[in-house]
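There are 2 protein chains.
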Amino acid sequence: MKAINLSEKLSLFSEHWSPRIVGSYNGNDLLVVKVKGEFVWHSHEETDDFFLVLKGRITIRMREGDVELGPGELFVVPKGVEHCPVAEEEAHLLLIEPAGTPNTGDPRTAVTKKRI
Amino acid sequence: MKAINLSEKLSLFSEHWSPRIVGSYNGNDLLVVKVKGEFVWHSHEETDDFFLVLKGRITIRMREGDVELGPGELFVVPKGVEHCPVAEEEAHLLLIEPAGTPNTGDPRTAVTKKRI
Numbered sequence: 001m002k003a004i005n006l007s008e009k010l011s012l013f014s015e016h017w018s019p020r021i022v023g024s025y026n027g028n029d030l031l032v033v034k035v036k037g038e039f040v041w042h043s044h045e046e047t048d049d050f051f052l053v054l055k056g057r058i059t060i061r062m063r064e065g066d067v068e069l070g071p072g073e074l075f076v077v078p079k080g081v082e083h084c085p086v087a088e089e090e091a092h093l094l095l096i097e098p099a100g101t102p103n104t105g106d107p108r109t110a111v112t113k114k115r116i
Numbered sequence: 001m002k003a004i005n006l007s008e009k010l011s012l013f014s015e016h017w018s019p020r021i022v023g024s025y026n027g028n029d030l031l032v033v034k035v036k037g038e039f040v041w042h043s044h045e046e047t048d049d050f051f052l053v054l055k056g057r058i059t060i061r062m063r064e065g066d067v068e069l070g071p072g073e074l075f076v077v078p079k080g081v082e083h084c085p086v087a088e089e090e091a092h093l094l095l096i097e098p099a100g101t102p103n104t105g106d107p108r109t110a111v112t113k114k115r116i
């Protein structure tokens with residue numbers, strides 16, 4: 001039983017778009033991720049998608065308009081809504097997803113999320 | 001569809017131990033709360049209890065030992081585990097709870113959570 005320090009967890013890896021599991025909440029994974037550049041357009045048919053920016057800035061592109069996020073700002077993409085996260089410079093995020101959610105919305109292209 | 005700025009939401013109220021709903025994720029409320037002093041010992045039989053410190057420091061007392069949290073640190077109290085959050089100085093937190101969870105573990109003593 002100890003605190004999970006998000007900066008410390010983020011210092012353990014450098015890959016972009018490769019979320020690491022740092023904890024669990026009611027069957028959801030709590031993840032940290034480093035992002036830079038443009039991800040893929042995707043949606044999650046079964047779950048909302050939670051983003052909290054810890055460092056840097058991201059844009060979540062959606063068909064009906066973009067949302068810009070800086071440190072201390074969060075946004076939840078409603079389930080089924082197509083989106084494409086983009087970061088001009090490296091940004092660090094906290095994500096929450098039901099365990100097993102494919103990061104690309106498609107198990108065939110999704111990364112495997114390691115616990116750290 | 002816009003970013004939720006946690007500092008901005010926290011600037012809208014001053015009461016301690018009175019969480020405000022700022023968003024939703026898969027049937028969970030996303031809440032910000034200002035805390036100071038000692039809360040009550042309680043547990044949630046049906047849910048884990050998510051705490052992320054945004055500002056200040058808190059101690060989560062538990063029967064089997066305390067967890068100390070500073071900014072950027074999170075802890076999930078497992079469901080059913082008795083705990084008592086304490087903050088010597090005012091601290092600001094992000095909480096995640098299934099909608100309708102009583103903050104004291106008991107609907108008779110729980111505060112009503114307003115959406116802001």
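Those protein sequence lines, which keep their order, are chains A and B.
So for the first sequence, the numbering used here puts the first residue at 1; every next one is plus one.
So for the second sequence, the numbering used here puts the first residue at 1; every next one is plus one.
Beta carbons: idealized from backbone N, C-alpha and C, even for Gly.
The alpha carbon of residue 38 of chain B has as its nearest neighbour, out of B:113, B:47, B:90 and B:111, the alpha carbon of B:90. Across the structure, residue 13 of chain A and residue 81 of chain B are spaced so that their CA atoms are roughly 32 Å apart.
Neighbours of residue 2 of chain B across chain A, judged by C-beta separation under 7 Å: 67.
Here residue 101 of chain A is buried, its C-beta having at least 16 other C-beta atoms within 10 Å.
Looking at the backbone, the Cα of residue 54 of chain A and that of residue 28 of chain A are separated by about 19 Å.
For the region 4-20 of chain A, the set of residues with a beta-carbon nearer than 8 Å to any beta-carbon of chain B comprises 4, 5, 6 and 7, in chain order. Bounds of any beta strand (DSSP E) do not take in residue 11 of chain B, whose DSSP letter is neither H nor E.
No residue range can be given for residue 64 of chain B, since it is assigned to no beta strand (DSSP E) and is classified by DSSP as neither H nor E. In this chain, the beta strand (DSSP E) harbouring residue 92 of chain A covers 83-98. Using a CB distance cut-off of 9 Å, residue 76 of chain B counts as an interface residue toward chain A. Taking 9 Å as the CB threshold, residue 114 of chain B stays off the interface with chain A.
For the region 44-66 of chain B, residues whose beta-carbon sits nearer than 8 Å to a beta-carbon of chain A comprise 47, 48, 50, 52, 54, 62, 64 and 65. Under a criterion of Cβ atoms nearer than 8 Å, the residues of chain A adjacent to residue 72 of chain B are, in order, 5, 6, 7 and 54. Residue state for residue 7 of chain A is assigned as helix, using DSSP reduced to three classes.
The beta carbon of residue 56 of chain A sits closer than 7 Å to the beta carbons of 87, 89, 90, 91 and 92 from its chain, once the five residues preceding and following it are set aside; these are given in chain order. Residue 11 of chain B and residue 108 of chain A have their C-alpha atoms some 44 Å from each other.
In the three-state scheme derived from DSSP, where H, G and I count as helix and E and B as strand, residue 28 of chain A is classed as strand.
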